[in-house]
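Please read the structure below before turning to the comments.
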Amino acid sequence: MTMATQQDAWRPVTPWTVIAAILLPPLGIFLSRGLTPAFWLTVVLTVIGWVPGMIFALALLFVPDQIPIR
2 MTMATQQDAW
12 RPVTPWTVIA
22 AILLPPLGIF
32 LSRGLTPAFW
42 LTVVLTVIGW
52 VPGMIFALAL
62 LFVPDQIPIR
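The opening position of the sequence shown corresponds to residue 2 in our numbering, with each subsequent residue numbered one higher.
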């Protein structure tokens, strides 16, 4: 188990995080991970379009081990 995976385990997915990831994807990632590269990538995807940002944010919340960005 890596350090990043241990940190992810300390922050469980809450209903508020999921709602934030749907309404404003960068906020959901910020609440769950803080200011990480994943947050900035979510910002870029949300600027391109809300749907790509939302899909990426929800994927990071629900299947973080499948996405190599931390």
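Ideal Cβ positions, reconstructed from N, Cα and C, are used throughout, including at glycine. Because the structure is a prediction, the values reported are computed rather than measured.
With contacts defined as CB atoms closer than 8 Å, Leu46 and Gly54 qualify as a contacting pair. Cβ contact annotation for Ala39 (same chain, cutoff 7 Å, sequence separation greater than five): Ile30, Leu61, Ile70 and Arg71, in chain order.
The C-alpha of Leu25 is placed about 11 Å away from the C-alpha of Val48.
Annotation for Leu46: the continuous alpha helix (DSSP H) segment containing it runs Pro38 to Ile49. If you compare the alpha carbons of Pro65, Ile56 and Gln67 with that of Pro27, the shortest gap goes to Ile56. Rounded to the nearest whole angstrom, the C-alpha separation of Leu32 and Val44 is 14 Å.
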